[in-house]
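Undergrad: First, the structure itself, so that you have it in front of you.
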Ligand SMILES: Nc1nc2c(ncn2[C@@H]2O[C@H](COP(=O)(O)OP(=O)(O)OP(=O)(O)O)[C@@H](O)[C@H]2O)c(=O)[nH]1
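In the UniProt record's numbering, the protein residues as written are 1 to 300.
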């Protein structure tokens with residue numbers, strides 16, 4: 001039994017590719033959000049849950065704020081805006097660059113509107129050679145927004161600065177009931193984590209344009225008495241030519257994607273997984289509101 005008496009709801013926001021999912025995973029201590037070196041990886045808001053002492057931290061990993069170019073993009077931007085309501089604190093994650101860009105300015109404006117305390121986290125400090133560079137980043141942000149509750153340089157990849165960050169976040173905890181049961185690290189259904197893992201492997205294995213035009217649906221998720229999980233997965237893509245690339249010569253690409261995904265899914269589920277994968281063409285699905293909703297990218 002845990003002795004949770006407080007909760008802290010925290011939004012992790014920032015431009016695409018700054019490391020929001022990496023930070024959420026590092027704090028949760030488990031891979032609940034997919035990570036890639038391509039922007040706009042995260043499409044939905046994802047909760048990551050960490051219990052420490054008497055406090056449950058609920059971290060909201062948000063899609064990177066970007067200029068929307070499709071209905072799916074519109075939805076992602078809306079998710080970011082809404083995820084700044086009703087939380088105790090915002091973490092604005094930024095690159096170690098001494099320039100405040102448009103996405104950061106928009107997010108800071110929204111944080112100010114919500115009257116939220118904001119911690120500036122400068123990520124990827126493992127890539128910064130000189131301390132002076134970091135001071136220049138701090139100066140640039142402090143000039144644009146003098147009201148940061150704290151400024152913490154971190155490396156989500158190496159784990160640097162994360163203890164200090166958790167200590168600061170603990171200060172925003174409020175007395176309240178435990179929101180997520182012990183052992184639960186995310187609000188995503190297991191099938192959603194599986195679908196997202198397949199999407200992550202496509203981002204890893206294929207050129208940028210193709211995975212951004214895919215959606216992944218788990219059409220069967222069943223557990224045998226022995227604990228083995230059977231998964232049927234359908235990948236939707238936008239063009240017949242993309243389908244050919246995803247499948248690859250002699251099916252090699254889809255085999256690679258599936259086996260990488262299966263390995264991670266087995267780790268997350270803690271059991272053996274049998275997976276079958278299909279690829280289907282669904283033209284212009286990113287602008288098809290009903291299809292977007294059917295994929296779980298809905299407003300609730
Ligand atoms: N060097 C370095 N790279 C990092 C660090 N944190 C994240 N990255 C890399 O940055 C890239 C983007 O990371 P994600 O966690 O997917 O970024 P995100 O902000 O969630 O991206 P979106 O979903 O596109 O908004 C990946 O290649 C990560 O490995 C860090 O501390 N140091």
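Glycine included, C-beta positions come from ideal geometry on N, C-alpha and C.
Compare the beta carbon distance of residue 122 and residue 137 with 8 Å and say whether it is the shorter of the two.
TA: In this structure, residue 137 lies closer than 8 Å to residue 122 by Cβ.
Undergrad: So which of 188, 252 and 189 has the shortest CA-CA distance to residue 206?
TA: Comparing Cα positions, the closest option is 252.
Undergrad: Could you tell me the alpha carbon to alpha carbon distance between residue 46 and residue 79, rounded to whole angstroms?
TA: Straight-line Cα distance between these residues: approximately 10 Å.
Undergrad: Would a C-beta distance cut-off of 8 Å place residue 238 and residue 290 closer than the cut-off?
TA: Not a contact, by the Cβ cut-off of 8 Å.
Undergrad: Using the Cβ count rule (16 or more neighbours within 10 Å means buried), how would you classify residue 236?
TA: When all chains shown are included, residue 236 counts as buried.
Undergrad: Can you list, in chain order, the residues of its chain with a C-beta nearer than 6 Å to that of residue 197? Leave out the 5 residues immediately preceding and following it.
TA: Taken in chain order, the residues that qualify are 261, 264 and 265.
Undergrad: To the nearest angstrom, report how far apart residue 111 and residue 279 are at their CA atoms.
TA: Straight-line Cα distance between these residues: approximately 41 Å.
Undergrad: Secondary structure at residue 192, three-state DSSP: helix, strand or coil?
TA: It is helical.
Undergrad: Thinking just about the alpha-carbon of each residue, which of 208, 37, 6 and 81 is nearest to the one in residue 157?
TA: Per the Cα distances, 37.
Undergrad: Check whether the Cβ of residue 167 lies closer than 7 Å to any heavy atom of ligand 1, and answer yes or no.
TA: Answer for residue 167: no, Cβ out of range of ligand 1.
Undergrad: Just to confirm my understanding: we take residue 125, look at its own chain, exclude 5 residues before and 5 after, and list those with CB closer than 8 Å. What are they?
TA: So the qualifying residues of the chain are 96, 134, 153, 154, 155, 160 and 161.
Undergrad: Go ahead and label residue 299 buried or exposed: buried means 16 or more other beta carbons lie within 10 angstroms of its beta carbon, across all protein chains shown.
TA: Confidence at residue 299 is low in this model, with a pLDDT of 48, below 50, so the placement of that residue is unreliable and no value is reported for it.
Undergrad: Enumerate in chain order the residues of its own chain whose CB-to-CB distance from residue 71 is below 7 Å, with the five nearest sequence positions on each side excluded.
TA: Closer than 7 Å at the Cβ level, and outside the excluded window around residue 71, lie 286, 287, 289 and 292.
Undergrad: Are any of the Cβ atoms in chain C nearer than 8 Å to that of residue 150?
TA: Given the protein chain composition of this structure (a single chain), no chain C is represented.
Undergrad: Just grab the DSSP bridge partners of residue 61 for me.
TA: Beta-bridge pairing links residue 61 to 12 and 46.
Undergrad: Which residues bound the alpha helix (DSSP H) around residue 125?
TA: Element bounds for residue 125: n/a, residue is neither H nor E.
Undergrad: Starting from the C-beta of residue 151, find all residues in its chain whose C-beta is less than 6 Å away, skip the five residues before and the five after it, and write them out in chain order.
TA: 120 and 138.
Undergrad: Who are the Cβ neighbours of residue 240 in its own chain at under 8 Å, not counting the five residues just before and after it?
TA: Only 281 meet the Cβ criterion.
Undergrad: From which residue to which residue does the alpha helix (DSSP H) around residue 110 run?
TA: Segment 102-113, the alpha helix (DSSP H) holding residue 110.
Undergrad: Just checking residue 78 against ligand 1 - is the residue's beta carbon closer than 7 Å to any of the ligand's heavy atoms?
TA: False, no ligand heavy atom lies under 7 Å from that Cβ.
Undergrad: Would you mind listing the beta strand (DSSP E) stretches within the segment 222-277 that are 3+ residues and don't spill past its ends, in chain order?
TA: You should have 229-237.
Undergrad: Alpha carbon to alpha carbon, how far is residue 64 from residue 15?
TA: Answer to the nearest angstrom: the Cα atoms are 5 Å apart.
Undergrad: Please work out which residues of its chain come closer than 7 Å, Cβ to Cβ, to residue 169, disregarding the five sequence neighbours upstream and downstream, and give them in chain order.
TA: Answer for residue 169: 8, 10, 57 and 89, listed in chain order.
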